[in-house]
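Protein chains in written order, with our numbering: chain A, 1 to 111; chain B, 1001 to 1113. Below is one structure, written out as structure tokens; comments come after it.
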Amino acid sequence: GENVGLHLPTLSVQEGDNSIINCAYSNSASDYFIWYKQESGKGPQFIIDIRSNMDKRQGQRVTVLLNKTVKHLSLQIAATQPGDSAVYFCAETLNTDKLIFGTGTRLQVFP
Amino acid sequence: DARVTQTPRHKVTEMGQEVTMRCQPILGHNTVFWYRQTMMQGLELLAYFRNRAPLDDSGMPKDRFSAEMPDATLATLKIQPSEPRDSAVYFCASGTDSNQPQHFGDGTRLSIL
């Protein structure tokens, strides 16, 4: 798939380290948030979601944190692996089907 | 794993030609979305359907684009006539209710010469 923007923010981490990808969302009333991972030539892949009545949710090696006070969402990846290299998108919605996607962050994992 | 299937994966054609992209949503999903992704604009929602009925096509250029769901297992996006500015990756996604994840196909990479 296309990578978003000519100046995509990039996070470079060493294999085995933890990664934190940040996202500032736009609507303080948004009530549902999703993180997607997009590898080159593929579609966005669902990673984890969180509703606005929660501030933290954990999955396998991933944790999403939601700070509604400052409209901030983060994705933490534990023990980052080469296979985690991709572009990561956050998305928000307010009780509708329409997702509003962020611009994306490229994660590069080096040995 | 159940997946959204899109065909063709790649399409190169000359401007003025009709282009048809197809999508098979995940079985049991009643909502189908069409997105376009470009470097400059990112992911844009073009249109979406629920239970085969169009709910919103406000993101779609009406003069040349059309989206349909002939049946619950097939969604189509057509461009006629195509223009070079339509070059992009077109994604289909399917889901169930609002506030549930949408699941994406691997897209159709379209190049209009």
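Quick reminder that beta carbons are idealized off the backbone N, C-alpha and C, glycines included.
- Among the residues facing chain A, F1065 (chain B) is not included, as its CB has no counterpart in that chain under 8 Å away.
- In the DSSP assignment, K56 (chain A) falls within the beta strand (DSSP E) that extends over K56 to Q58.
- A residue is called buried when at least 16 other Cβ atoms come within 10 angstroms of its Cβ; G1028 (chain B) does not meet this threshold and is exposed.
- Using a CB distance cut-off of 8 Å, I34 (chain A) counts as an interface residue toward chain B.
- With fewer than 16 neighbouring CB atoms inside 10 Å of its own CB, V70 (chain A) falls in the exposed class.
- Rounded to whole angstroms, the Cβ separation of Y25 (chain A) and L75 (chain A) is 13 Å, and the two are not in contact under 8 Å.
- Taking a Cβ-Cβ cut-off of 7 Å, R57 (chain A) has no neighbours in chain B, whose nearest Cβ is about 13 Å from it.
- Taking a beta-carbon distance threshold of 8 Å, T103 (chain A) counts as an interface residue toward chain B.
- Residues of the stretch 42 to 54 of chain A with a Cβ closer than 8 Å to any Cβ of chain B, in chain order: K42, G43, P44, Q45, F46, D49 and R51.
- Proximity of chain A to D1106 (chain B) at the Cβ level (cut-off 9 Å) is accounted for by G1, G41, K42 and G43, in chain order.
- Taken in chain order, the members of the stretch 59 to 90 of chain A whose beta-carbon sits within less than 8 Å of a beta-carbon on chain B are F89.
- Taking 8 Å as the CB threshold, Q1102 (chain B) lines the interface with chain A.
- Straight through space, the alpha carbons of Q1024 (chain B) and P1070 (chain B) are spaced by roughly 11 Å.
- Within the same chain, Q1024, P1025 and L1027 come within 8 Å of T1073 (chain B) by CB-CB distance, once the 5 residues on both sides are set aside.
- Straight-line spacing of the CA atoms in R1022 (chain B) and F1065 (chain B) works out to 14 Å.
- Taking each of A:D31, A:A29 and A:W35 in turn and checking the Cα distance to T105 (chain A), the smallest one comes out for A:W35.
- With distances taken between CA atoms, P82 (chain A) lies nearest to A:V109 out of A:V109, A:L66 and A:K98.
- With fewer than 16 other CB atoms across the displayed protein chains lying within 10 angstroms of its CB, M1039 (chain B) is exposed.
- Of the candidates A:L107, A:K98, A:T103 and A:P111, A:K98 places its Cα closest to the Cα of L1046 (chain B).
- Beyond the five residues adjoining it in sequence on each side, R1003 (chain B) comes within less than 8 Å, by CB distance, of I1026, H1103 and G1105 in the same chain, given in chain order.
- Unbroken beta strand (DSSP E) runs of no fewer than 3 residues, entirely contained in the stretch 1013 to 1101 of chain B, are found at 1019 to 1024, 1031 to 1038, 1042 to 1050, 1053 to 1056, 1065 to 1071, 1074 to 1079 and 1088 to 1095, following chain order.
- In the three-state reduction of the DSSP assignment, D97 (chain A) falls in the coil class.
- Per DSSP, A1002 (chain B) is not a residue of any beta strand (DSSP E), being assigned neither H nor E.
- A straight-line Cα-Cα distance of about 9 Å links Q38 (chain A) and F46 (chain A).
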